[in-house]
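Data first, discussion second: the structure below is written as structure tokens.
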Amino acid sequence: MLEWIVRGLRKGVVTSRYPRAGEPELDGFRGRVEVVESDEASEALEAICPTSAIRVSAGRVSLDRGRCILCGACVEAAPERFRFSSAYETASRRRAGVVVGASVERQLEAVRVPLGVQARPLRRSIHIRHVDAGSDGAEEWEISALTNPYYDMQRLGLYFTLSPRHADVLLVTGGVTRSMEKPLERAYEVMPEPKAVVAAGTDACSGGFAAATGETAGGVDQILPVDVYVPGSPPSPIALLHGLLLAAGVVTEDGR
Amino acid sequence: MRLERAAADHAQRFLEGRFRGAIEPGPAGTTVLRLPVSAVDRAASLLAAEGARFVSVFVADVPERSLVAAFAFRGQLAALRAPLTEDGAAYPALSLHLPAAALAERELHDREGLTPLGHPNLRPVLRPDPDELEQRIVGGETFIIPYGPIRSGIFEAVQHVVETGGEDVLALETRPYFKHRRLEARLAGLEPAQGALLSERIAGIAAVAHATAFSQAVEAALAVEPPEQAHLWRIVHAELERVVNHLDVAMKLAEDAALAVGVARFGILKEDVMRLRARLCGSRFGRGVVVPGGIAFQPLLGTDELRDWLGSFERELVRDRRLLLRTSSFTDRLIGSGRLDRATVEALGGVGPVARAVGLSTDARFERPYAAYTRLGFDVVTAESGDAMARLEVRFGEIRESLHLIRQALDRLQRIGDASSMRVDLPGGEGGAFGWAEAPQGELVYWVEIAGGRIRRAHVSSPSLHNWPLFVASFRGDVLTDFSFIEHSFGLTAAGADR
């Protein structure tokens with residue numbers, strides 16, 4: 001056992017300082033897709049996207065990150081309009097907030113600033129229950145990575161709990177398959193008030209690639225009221241942490 | 257290798273001798289035998305008696321609507337193809353001779369409406385109701401714990417129905433398909449490049465293996481050969497995926513044993529590989545790299561950078577592995593837990609590290625080498641004792657072999673240089689073919705039909721689905737507190753099984 005302690009200590013501190021300091025971005029990391037140029041676009045752009053995340057209306061492009069699976073088809077086909085950004089933060093408290101494009105970008109900024117203020121005095125004991133409602137399995141890895149020494153979410157007062165009866169936040173992955181509807185609803189019902197629901201991943205936001213089969217509900221918000229949307233396929237641990245901090249703000253905000 | 261070739265020759269002779277006139281021309285590595293529907297079960301049991309391992313049973317539309325039963329048969333993929341007539345809605349069940357086919361046939365019954373005659377249990381499987389338990393209580397002193405689909409911890413949704421008298425696990429039933437998303441149906445109609453993106457999302461933690469098996473099926477159907485450089489980069493990504501999956505198992509087992517520093521150490525190693533993959537291709541799961549025809553883009557890291565990283569990673573890993581395997585509070589929980597014997601694994605068609613831990617050298621990279629694996633050297637790591645410890649030892653051995661494979665691939669890539677192309681264009685045309693890859697969980701087989709530049713039909717045979725029945729079979733005298741050790745030692749993914 002002593003050897004383990006020595007082994008642990010030798011590594012030193014590897015923990016991220018997020019959110020007090022920004023997480024250094026990795027070159028080339030596909031964190032999110034940005035819309036660079038949205039004017040005078042043709043509707044042919046919509047056909048590029050395999051998950052119908054791109055919309056063109058009246059010549060303006062918008063991109064729904066809640067549908068985007070970060071495949072890069074648009075970046076490859078129209079690099080003058082779309083580009084990858086290695087930024088991690090993608091979550092929003094409104095479904096429309098994860099849609100980006102020139103016209104919606106301003107509204108998004110307006111949402112972001114007050115949220116930053118709310119999240120700062122978060123309570124130091126937020127308990128999270130994760131429910132898999134039909135993910136591809138990758139989201140679970142990224143969620144469990146939050147407890148590894150790199151992210152160590154306990155330092156922010158965030159904890160996983162085994163029972164929904166002890167949970168403040170329900171962290172849901174997957175587009176909600178039919179078999180998971182009832183268990184998910186039940187988990188939500190037994191949670192004490194105030195409670196928040198975080199939809200983690202593109203599947204949870206919109207049903208993702210699988211939505212077209214009709215085998216899933218097409219997103220968590222079809223079943224439960226969602227407080228925070230974290231797009232990404234899967235979202236990176238920092239993106240999840242950002243989403244959870246937003247949810248933590250919700251809980252302290254007005255005691256809902 | 258010579259022994260394997262002799263076995264393959266023997267298999268070929270057997271098939272030609274026994275099924276003369278039934279053999280259809282097909283791509284290399286695949287033998288298709290055309291039979292009437294009524295003879296499928298007999299032919300299947302004949303193959304099984306010769307040592308063939310059941311892979312899958314499904315309906316194909318190429319060259320005509322047929323029932324196809326696929327077997328891994330000594331270096332070949334042997335497929336029994338029985339044309340289905342318009343009104344043909346039944347066939348003799350394979351499960352009577354092959355217990356391994358039981359789940360696949362129930363799925364087929366649900367999905368295609370085909371009835372396997374004589375199948376012992378044809379209750380619907382695809383949309384399980386968590387409240388409707390199938391299990392019956394055998395005695396007055398026992399009770400049932402429905403464990404799942406929402407379980408204690410950050411796990412995928414699957415339900416284990418445990419029958420217990422208090423401490424010992426008397427009977428266990430695992431119910432998959434809570435996450436069934438009908439993704440094979442979703443593949444139909446997509447272009448091949450989009451199909452690869454969807455296949456990566458069938459089992460997110462084995463994205464590279466899924467994209468590779470899918471792409472190789474498309475490439476076989478259209479008879480294209482990707483450039484050598486693409487083959488080698490696919491191997492680099494696939495082996496990194498194997499390493500990170502096996503590290504995840506080690507981390508979860510350490511967590512079960514409440515070995516806090518061990519969890520932290522293996523968590524760090526796992527995160528290091530995830531970050532390396534993000535630097536290599538922009539995705540922490542190696543997504544968007546493998547496409548039909550090759551790989552999508554030039555990797556973002558050079559071979560020298562990768563080799564340096566491998567060196568420092570392996571030094572850390574070796575120390576942590578040595579320490580973990582010397583910690584008796586950890587190993588005591590694994591030795592003897594969830595023991596499987598060879599006969600059970602063979603009967604249920606087990607694959608991957610689970611099968612290799614009972615001494616079977618089942619490995620698609622070795623049995624039916626694909627990509628550039630024929631040109632690289634590696635050992636198929638096996639163990640004998642078949643318990644949770646053996647499975648962990650196999651995984652650690654495979655990590656070592658994977659790092660060795662990556663180094664060989666990098667050497668070859670350096671010699672080739674960046675000059676050659678990464679991807680060939682797909683020609684038009686149509687056809688159907690199998691493609692396979694050894695995922696971290698075991699052998700993964702895709703059947704893909706393509707026509708007019710779009711996928712028409714697809715079927716996925718997932719290693720996790722094959723190994724669930726083995727997980728159930730491994731509880732013999734084990735108690736409830738062994739449950740998580742045994743489950744994690746299997747390293748299965750519900751998303752991959754459910755599809």
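The listed protein sequences derive, respectively, from chains L and X. Mapping of the first sequence onto our numbering: residues 1 to 256, in sequence order. Mapping of the second sequence onto our numbering: residues 257 to 755, in sequence order. From the three backbone atoms N, C-alpha and C, an ideal C-beta is built for every residue, glycine too. Computed from a prediction, not measured in an experiment: that's the story for all the values here.
Beta carbon proximity, residue i to chain X, threshold 7 Å
{"i": "serine 179 (chain L)", "result": "yes"}
{"i": "leucine 170 (chain L)", "result": "no"}
{"i": "arginine 67 (chain L)", "result": "no"}
{"i": "leucine 26 (chain L)", "result": "yes"}
{"i": "threonine 216 (chain L)", "result": "yes"}
{"i": "cysteine 205 (chain L)", "result": "no"}
{"i": "threonine 90 (chain L)", "result": "no"}
Interface residues of chain C facing residue i [CB-CB closer than 7 Å]
{"i": "arginine 540 (chain X)", "result": "The structure shown contains no chain C; the protein chains it does contain are L and X."}
Three-state secondary structure (DSSP) of residue i
{"i": "glutamine 415 (chain X)", "result": "strand"}
{"i": "threonine 737 (chain X)", "result": "helix"}
{"i": "phenylalanine 271 (chain L)", "result": "An answer regarding residue 271 (chain L) cannot be provided, because it is not within the stretch 1 to 256 covered by chain L."}
{"i": "histidine 266 (chain X)", "result": "helix"}
{"i": "glutamine 332 (chain X)", "result": "strand"}
{"i": "aspartate 39 (chain L)", "result": "coil"}
{"i": "tyrosine 159 (chain L)", "result": "strand"}
{"i": "tyrosine 629 (chain X)", "result": "helix"}
{"i": "arginine 112 (chain L)", "result": "Any reading at arginine 112 (chain L) must be qualified, since the residue scores a pLDDT of 45, below 50, and its modelled position is unreliable; the value itself is stated next. Arginine 112 (chain L): helix per DSSP, three-state reduction."}
{"i": "isoleucine 238 (chain L)", "result": "helix"}
{"i": "histidine 130 (chain L)", "result": "strand"}
{"i": "glycine 550 (chain X)", "result": "strand"}
{"i": "arginine 93 (chain L)", "result": "coil"}
{"i": "glutamine 107 (chain L)", "result": "For glutamine 107 (chain L), the predicted structure reports a pLDDT of 48, less than 50, and the residue's modelled location is therefore unreliable. A value from the coordinates is still provided. If DSSP states are grouped into helix, strand and coil, glutamine 107 (chain L) belongs with the helices."}
{"i": "glycine 691 (chain X)", "result": "strand"}
{"i": "leucine 2 (chain L)", "result": "helix"}
{"i": "arginine 624 (chain X)", "result": "coil"}
{"i": "alanine 750 (chain X)", "result": "helix"}
{"i": "leucine 382 (chain X)", "result": "coil"}
{"i": "alanine 338 (chain X)", "result": "strand"}
{"i": "valine 574 (chain X)", "result": "helix"}
{"i": "phenylalanine 541 (chain X)", "result": "coil"}
Residue i: CB within 6 Å of a non-hydrogen atom of the ligand SAH
{"i": "arginine 712 (chain X)", "result": "With respect to the ligand SAH, the structure offers nothing, as it holds no ligand at all."}
CB contact check: residue i to chain L, cutoff 7 Å
{"i": "alanine 459 (chain X)", "result": "yes"}
{"i": "valine 704 (chain X)", "result": "no"}
{"i": "glutamate 440 (chain X)", "result": "no"}
{"i": "glutamine 450 (chain X)", "result": "yes"}
{"i": "arginine 647 (chain X)", "result": "no"}
{"i": "alanine 413 (chain X)", "result": "yes"}
{"i": "alanine 486 (chain X)", "result": "no"}
{"i": "serine 740 (chain X)", "result": "no"}
Same chain, Cβ closer than 7 Å to residue i, neighbours up to 5 away in sequence not counted
{"i": "alanine 452 (chain X)", "result": "Ala467, Phe470, Ser471, Val546, Val547, Pro548"}
{"i": "glutamate 423 (chain X)", "result": "Val735, Leu736"}
{"i": "glutamate 447 (chain X)", "result": "Gly709, Arg710"}
{"i": "histidine 416 (chain X)", "result": "Tyr403, Gly404, Leu428, Thr430"}
{"i": "glutamate 363 (chain X)", "result": "Val381, Leu382"}
{"i": "glycine 685 (chain X)", "result": "Leu478"}
{"i": "arginine 521 (chain X)", "result": "Asp576"}
{"i": "alanine 138 (chain L)", "result": "Pro234"}
First through last residue of the alpha helix (DSSP H) which encompasses residue i
{"i": "isoleucine 410 (chain X)", "result": "Segment: none, isoleucine 410 (chain X) is in no alpha helix (DSSP H) and carries neither H nor E."}
{"i": "valine 517 (chain X)", "result": "516–537"}
{"i": "histidine 722 (chain X)", "result": "719–729"}
{"i": "threonine 587 (chain X)", "result": "584–590"}
{"i": "valine 610 (chain X)", "result": "608–612"}
Residue i, enclosing beta strand (DSSP E) - first and last residue
{"i": "phenylalanine 82 (chain L)", "result": "82–85"}
{"i": "glutamate 602 (chain X)", "result": "Taken as a continuous stretch (DSSP letters only), glutamate 602 (chain X) belongs to no beta strand (DSSP E), being part of the alpha helix (DSSP H) at 598–603."}
{"i": "alanine 707 (chain X)", "result": "698–707"}
{"i": "alanine 224 (chain L)", "result": "Reading off the sequence, residue 224 (chain L) comes out as leucine, not alanine. It is not in any beta strand (DSSP E) - leucine 224 (chain L) carries neither H nor E in the DSSP assignment."}
{"i": "phenylalanine 399 (chain X)", "result": "399–403"}
{"i": "tyrosine 229 (chain L)", "result": "228–230"}
Contacts around residue i, its chain only, beta-carbon distance under 8 Å, and the 5 residues preceding and following it disregarded
{"i": "glutamate 412 (chain X)", "result": "Lys435, Thr749, Ala750, Ala751"}
{"i": "arginine 651 (chain X)", "result": "His502, Val505, Ala506, Pro609, Gly747"}
Cut-off 6 Å between Cβ atoms - residues of its own chain near residue i, not counting five sequence neighbours on either side
{"i": "alanine 689 (chain X)", "result": "Pro283, Ala473, Ala476, Ala477"}
{"i": "phenylalanine 275 (chain X)", "result": "Leu289"}
{"i": "histidine 722 (chain X)", "result": "Gly605, Val607"}
Any beta strand (DSSP E) of 3 or more consecutive residues that is wholly inside the segment 277–325 of chain X:
286–290, 309–316
Hey, which unbroken runs of the alpha helix (DSSP H) at 4 residues or more fall wholly within the segment 430–481 of chain X?
Runs of the alpha helix (DSSP H) inside the segment 430–481 of chain X: 439–443, 448–455, 463–478.
Sequence ranges, alpha helix (DSSP H) only - wholly within the segment 18–77 of chain L, length at least 4:
73–77
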